[in-house]
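A quick write-up on the structure given underneath.
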Amino acid sequence: MLTGAAAAAEQTIRRPTADSTNRLQPDVIMPFGNTHNKLKMNYSAEQEYPDLSKHNNHMAKVLTPEIYENLRDKETPSGFTLDDLIQTGVDNPGHPFIMTVGCVAGDEESYEVFKELLDPVIEDRHGGYKPSDKHKTDLNPENLQGGDDLDPNYVLSSRVRTGRSVRGFCLPPHCSRGERRAIENLSIESLDLLDGT
4 MLTGAAAAAE QTIRRPTADS TNRLQPDVIM PFGNTHNKLK MNYSAEQEYP
54 DLSKHNNHMA KVLTPEIYEN LRDKETPSGF TLDDLIQTGV DNPGHPFIMT
104 VGCVAGDEES YEVFKELLDP VIEDRHGGYK PSDKHKTDLN PENLQGGDDL
154 DPNYVLSSRV RTGRSVRGFC LPPHCSRGER RAIENLSIES LDLLDGT
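For the numbering used here, count along the sequence shown from 1 and bump the result up by 3.
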């Protein structure tokens with residue numbers, strides 16, 4: 004028997020589900036949590052497959068009913084699902100002249116669990132970048148070239164923009180408020196260690 008916070012998280016919520024004839028059964032008790040995906044499993048992949056016929060994004064180009072059926076019941080250890088991954092591309096069909104990505108990863112494991120979809124999307128989006136390709140990373144500032152020869156008559160300011168992926172934390176589309184605060188604290192602690200102007 005659950006007590007305290009666990010019991011609160013396991014609140015009884017009544018959600019409609021479908022039986023084998025697809026008639027709704029309104030009194031099925033579901034635990035509070037990632038039930039949005041669990042309920043979808045009451046329907047076939049064909050019934051749940053999104054209509055992407057008017058979409059212009061990389062996900063819509065790659066996703067097939069077969070890939071959807073293969074991946075729809077998978078989730079990462081943090082609970083990120085295929086439907087979470089594609090929802091932004093379903094909601095935002097894109098524009099005929101602007102090809103968007105149409106999907107997001109929720110965590111590091113997304114790239115392995117959903118590689119059947121993500122590998123071709125990444126390859127398509129990045130002009131042939133294959134799963135075997137590796138991004139070259141050099142964080143040694145001694146190896147930087149250029150930037151010290153900018154003409155002050157033309158360059159008034161510049162900025163460095165960075166994104167974050169911190170191993171062990173979910174990515175922004177799936178990050179909890181607590182995780183965001185932990186990353187903020189980790190960033191502050193790390194940046195406080197830097198010296199210079």
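Backbone N, C-alpha and C define an ideal beta-carbon position, used for all residues, glycine too. These numbers come from a predicted model, not from an experiment.
| task | To the nearest angstrom, report how far apart Leu-194 and Thr-165 are at their CA atoms. | result | 13 Å
| query | What separation, rounded to the nearest whole angstrom, lies between the Cα atoms of Glu-51 and Gly-171? | reply | 31 Å
| In three-state DSSP terms, what is Asn-60? | strand
| Any idea which residues DSSP pairs His-98 with across the strands? | Ile-101
| What residues in its chain sit with their C-beta under 7 Å from that of Asp-122, if we drop five residues either side in the sequence? | Pro-134
| request: State the Cα-Cα distance for the pair His-177 and Pro-155, rounded to the nearest angstrom. | output: 42 Å
| Looking only at its own chain, which residues have a Cβ that is under 8 Å from the Cβ of Val-65, when we skip the five neighbours before and after it? | Leu-120, Pro-123, Val-124 and Asp-127
| Can you name, in chain order, every residue of its own chain whose Cβ lies under 7 Å from the Cβ of Asp-198, other than the five neighbours on each side? | none
| Rounded Cβ spacing between His-58 and Gly-97 (contact assumed at less than 8 Å) | 6 Å
| message | Taking the alpha helix (DSSP H) that Val-124 belongs to, which residues open and close that run? | response | 118-128
| request: Have a look at Thr-20 and Glu-111 and give me their C-alpha separation to the nearest angstrom. | output: With a pLDDT of only 43 at Thr-20, under 50, the local geometry of the prediction cannot be trusted, and the value read off the model is given with reservation. Approximately 32 Å, taken between the alpha carbons.
| task | Using three-state DSSP, classify Glu-78 as helix, strand or coil. | result | strand
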